[in-house]
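Visitor: My structure is below; once you've seen it, I'll send some questions.
There are 2 protein chains.
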Amino acid sequence: MKGKRTNLDASACAIARSLGVIGDWWSLLIIRDALAGKRRFGEFQKSLGMAKNILSVRLQKLVEHGILATAPASDGTAYKEYVLTPKGKKLYLVLAALWQWGEEFCFAPGELTYDMVDRETQKPFQPLELKARDGRVLGPGDMRTLPRRASKAQRRASSSR
Amino acid sequence: MKGKRTNLDASACAIARSLGVIGDWWSLLIIRDALAGKRRFGEFQKSLGMAKNILSVRLQKLVEHGILATAPASDGTAYKEYVLTPKGKKLYLVLAALWQWGEEFCFAPGELTYDMVDRETQKPFQPLELKARDGRVLGPGDMRTLPRRASKAQRRASSSR
Chain A
1 MKGKRTNLDA SACAIARSLG VIGDWWSLLI IRDALAGKRR FGEFQKSLGM AKNILSVRLQ
61 KLVEHGILAT APASDGTAYK EYVLTPKGKK LYLVLAALWQ WGEEFCFAPG ELTYDMVDRE
121 TQKPFQPLEL KARDGRVLGP GDMRTLPRRA SKAQRRASSS R
Chain B
162 MKGKRTNLDA SACAIARSLG VIGDWWSLLI IRDALAGKRR FGEFQKSLGM AKNILSVRLQ
222 KLVEHGILAT APASDGTAYK EYVLTPKGKK LYLVLAALWQ WGEEFCFAPG ELTYDMVDRE
282 TQKPFQPLEL KARDGRVLGP GDMRTLPRRA SKAQRRASSS R
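See below:
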């Protein structure tokens, strides 16, 4: 893998590819704001304090990658709204993992003045857990990558070249 | 929040702060490689194809942020090794979430040639789930941030200013 970020989104590694598709850190913050209900360019711009041309480019890339979709403003005005697609919404797990890690490691006692909570009960979530198929809770040392066996069709295609 | 990334690591938002502390996308890939057992500068450099000076700066920042620690080479040679701290290892949940999202949304059928598996059984994990305290599985629409109530000490300090 070479040094340019643009190659990440063709990576064989699903982590690297995700990062290439999401684009950059600010895109994750746009997605965070979209999950919190922001839809208008102006809302994102005010929240993130980003230069308008840069925000515009990032929003467009998120649309191109199928993470956001554009829709006419719900109030009938001429504004464009940006809404998360199912693909975009599914990043909520990445955001929850980042929140929980940040909460545990990146704040002095008393410094974090927000909780991330469940809408219904207003209480924080359980800590995310990585589990094996049999239910065992796994730790960082338990992760491995394993090449998939080529399918029969792939093996046939390879041998006929 | 202004446009410069350097302000993220003082953010009030735990997601933004995590992103500021981790630093950039490539840092997550360094952490991925460290979790996979890489320890030497040369191993990271070969895996990521990064320019040596850039890799050096990123490794140093991860050490400064307490994500990596340096140790003498385990074989007694003069090399330096980079090892994940508990703080760094805990990012495995963020990496697992990125993997699962990438696997679901960023590959054409048959294109992903690796699984991420549990070391013991060689089988993929269960999908990560975000759960409320009472066990309900939550979706992206269930996440809210809620300001924490100021502690008595904080309220006393505020009123005496």
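One line per chain: the protein sequences are A and B, in this order. Just so we're aligned, residue 1 is where the first sequence starts under my numbering, counting upward by one. Just so we're aligned, residue 162 is where the second sequence starts under my numbering, counting upward by one. Here a beta-carbon is modelled for each residue, glycine too, at the ideal position from N, C-alpha and C. All figures in this text were calculated on a predicted structure; none of them were measured in a lab.
1. Could you say which of A:K87, A:S47, A:S74, A:M50 lies nearest to V63 (chain A) if we only look at CA atoms?
2. Find the nearest neighbour of L128 (chain A) within the set A:Q100, A:R32, A:V83, judged by alpha-carbon distance.
3. Just tell me which of A:R149, A:E103, A:Q122 has its CA closest to the CA of Q283 (chain B).
4. Could you check whether the Cβ of Y114 (chain A) sits closer than 8 Å to any Cβ belonging to chain B?
5. Could you tell me whether the Cβ of L59 (chain A) comes closer than 8 Å to any Cβ of chain B?
6. Pick helix, strand or coil for A97 (chain A), following the three-state DSSP scheme.
7. How about I191 (chain B): is its C-beta nearer than 8 Å to some C-beta of chain A?
8. Note down, in chain order, each residue of its chain lying with its Cβ closer than 7 Å to the Cβ of V182 (chain B), except the 5 sequence neighbours on either side.
9. So which residues of chain A does L229 (chain B) contact, with C-beta pairs closer than 8 Å?
10. Would you mind reading off the limits of the alpha helix (DSSP H) that contains K207 (chain B)?
11. For I54 (chain A) versus I31 (chain A), is the C-beta spacing smaller than 8 Å?
12. So which of A:R17, A:A16, A:W25 has the shortest CA-CA distance to L95 (chain A)?
13. Output, in sequence order along the chain, the residues in the stretch 257-283 of chain B whose CB is closer than 8 Å to any CB in chain A.
14. Express the C-alpha separation of R200 (chain B) and E43 (chain A) in angstroms, rounding to a whole number.
15. Does R40 (chain A) get closer than 8 Å to chain B when you measure Cβ to Cβ?
16. Using a Cβ-Cβ distance cut-off of 8 Å, determine whether Q206 (chain B) contacts chain A.
17. Note down the Cα distance separating T238 (chain B) from R144 (chain A), rounded to an integer number of angstroms.
18. Should K2 (chain A) be labelled buried (16 or more other beta-carbon atoms within 10 Å of its own) or exposed?
19. What are the residues that DSSP puts in a beta bridge with P233 (chain B)?
20. Pull up the CB-CB distance for F125 (chain A) and L291 (chain B), whole angstroms please, since I reckon it's below 8 Å.
21. Just to confirm, are L84 (chain A) and A34 (chain A) a CB contact at a threshold of 8 Å?
22. Report buried or exposed for P109 (chain A), applying the criterion of at least 16 other Cβ atoms within 10 angstroms of its Cβ.
23. Do S188 (chain B) and R219 (chain B) have their C-beta atoms within less than 8 Å of each other?
24. Can you list the residues of chain A that D194 (chain B) reaches, using a CB-CB cut of under 9 Å?
25. Mind listing the chain A neighbours of L307 (chain B)? Cutoff is C-beta to C-beta under 7 Å, in chain order.
26. Is there a Cβ from chain A that is less than 8 Å from the Cβ of D303 (chain B)?
27. Please work out which residues of its chain come closer than 6 Å, Cβ to Cβ, to M116 (chain A), disregarding the five sequence neighbours upstream and downstream, and give them in chain order.
28. Kindly list the residues whose CB is nearer than 8 Å to the CB of I176 (chain B), restricted to its own chain and excluding five residues on each side of it in sequence; keep chain order.
29. With DSSP as the reference, label L91 (chain A) as helix, strand or coil.
30. Using a Cβ-Cβ cut-off of 7 Å (strictly less than) and excluding sequence neighbours within five positions of R5 (chain A), which residues of its own chain qualify?
Guide: By the coordinates alone:
1. Taking each of A:K87, A:S47, A:S74, A:M50 in turn and checking the Cα distance to V63 (chain A), the smallest one comes out for A:K87.
2. Of the listed residues, the one whose Cα sits closest to L128 (chain A) is A:Q100.
3. The shortest Cα separation from Q283 (chain B) among A:R149, A:E103, A:Q122 belongs to A:R149.
4. Yes, because at least one Cβ of chain B sits closer than 8 Å to the Cβ of Y114 (chain A).
5. Interface annotation, L59 (chain A): not in contact with chain B, CB-CB separation never under 8 Å.
6. Here A97 (chain A) sits in helix by DSSP.
7. No, I191 (chain B) does not count as interfacial toward chain A.
8. Excluding residues within five positions, the ones whose Cβ falls inside 7 Å are D170, H226.
9. Simply none; closest approach about 13 Å.
10. Looking at the DSSP string, the run of the alpha helix (DSSP H) that includes K207 (chain B) is 202-209.
11. No.
12. Of the listed residues, the one whose Cα sits closest to L95 (chain A) is A:W25.
13. When CB distances to chain A are screened at a threshold of 8 Å, the residues of the stretch 257-283 of chain B falling below it are A257, A258, L259, W260, Q261, W262, G263, E264, E265, F266, C267, F268, G271, L273, T274, Y275, D276, M277, V278, D279, R280, E281, T282, Q283, in chain order.
14. Computed Cα separation, rounded: 43 Å.
15. For R40 (chain A), the answer is no, since every Cβ of chain B falls outside 8 Å of its Cβ.
16. It does not: the Cβ of Q206 (chain B) has no partner Cβ on chain A nearer than 8 Å.
17. If you draw a straight line from the Cα of T238 (chain B) to the Cα of R144 (chain A), it comes to about 28 Å.
18. At K2 (chain A), the pLDDT of 38 sits below 50, so the modelled position is not reliable and the matter cannot be decided from this model.
19. The partner list for P233 (chain B) (beta bridge, DSSP) reads B:K241.
20. That belief holds up - the Cβ atoms of F125 (chain A) and L291 (chain B) are roughly 6 Å apart, short of 8 Å.
21. Yes, they are a contact pair.
22. Under a 10 Å Cβ-count criterion, P109 (chain A) is classified as exposed, with fewer than 16 other Cβ atoms of the shown protein chains found around its own Cβ.
23. Contact flag set, yes.
24. In chain order: nothing, as chain A lies at least about 10 Å away.
25. Those within 7 Å of L307 (chain B) in chain A are Y114, D115, V117, Q122.
26. Answer yes: the Cβ-Cβ gap between D303 (chain B) and chain A drops below 8 Å somewhere.
27. Within the same chain, W99 come within 6 Å of M116 (chain A) by CB-CB distance, once the 5 residues on both sides are set aside.
28. Cβ-Cβ distances below 8 Å link I176 (chain B) to nothing in the same chain once the five nearest sequence neighbours on each side are left out.
29. Coil at L91 (chain A), not helix or strand.
30. Here the model assigns R5 (chain A) a pLDDT of 46, short of 50, so the residue's position is not dependable, and the following value carries that caveat. Taken in chain order, the residues that qualify are G20.
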